[in-house]
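Each remark here refers to the structure printed beneath this line.
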Amino acid sequence: MSNIRSFSLFPTLSDNLLSNRFDQIDRLFSQLTGNRPLTSEHPYNLKQIDDTHYQLTVSVPGYKEDDLTVSMKGGKLCIQGEQSTELNNDSEKWIHKGITQNTFSLEFNLGKNVKIESAELSGGLLALDIEYEIPEEEKTQVIAIENKDIKS
């Protein structure tokens, strides 16, 4: 089962209201259809470090470094997970298996001015350090004001 989710990260990074509404709509739709909500699998956190640095943390319990692929192309970040078949042994008798370990794919539209500085897996959390490079033409320019009233 593949779960593909695509959305834009910038410029609405701090828009918690939109994020919360998406979660509410997703849960309501899931209750009506009986499908699992998208937000319940591989939840993520997005933290702003400063004006140009962010950290995206995705929950990937049970996945190892070799099970995950992180790629970036055309401003789109793709995180894919596929566990090796040795962990999915059907001969084992499970009483309860609540930790999903399905194949998944998450997509984040980051934009063209973004680069991934690093990716680290620790304690079931995949942390990506992101840098948003503001182009010179988009940076605020301070214009010096000359005072013509002063006589030399």
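When we follow our numbering, the leftmost residue of the sequence shown carries the number -16, and every step to the right adds one. For each residue, glycine too, the CB sits at the ideal point set by N, CA and C. From a predicted model like this one, the values you see are computed outputs, not experimental measurements.
Residue i in three-state terms, based on DSSP
| i | result |
| --- | --- |
| E129 | coil |
| E119 | helix |
| I99 | strand |
| D49 | helix |
| D34 | coil |
| S107 | For the record, residue 107 in the displayed sequence is Gly; it is not Ser. Three-state DSSP puts G107 in coil, outside helix and strand. |
| T40 | strand |
| L29 | strand |
Supposed contact pair residue j and residue i - C-beta distance, whole angstroms, cut 8 Å
| i | j | result |
| --- | --- | --- |
| L51 | L104 | 7 Å |
| L109 | V43 | 5 Å |
| Y46 | Q63 | The pair is not a contact, with the Cβ atoms about 10 Å apart (cut-off 8 Å). |
| N130 | E116 | N130 to E116, Cβ: 36 Å. No contact. |
Those residues which DSSP pairs with residue i across a bridge
| i | result |
| --- | --- |
| S74 | According to DSSP, S74 bridges with nothing at all. |
| Q63 | T52, S88 |
Validate contact between the region 97 to 106 and the region 120 to 134 using beta carbons, cut 8 Å, 3 pairs: Under the 8 Å Cβ criterion, the region 97 to 106 does not count as touching the region 120 to 134, having fewer than three qualifying pairs.
Segment contact flag, the region 79 to 90 with the region 29 to 37, C-beta cutoff 8 Å, min 3 pairs: no
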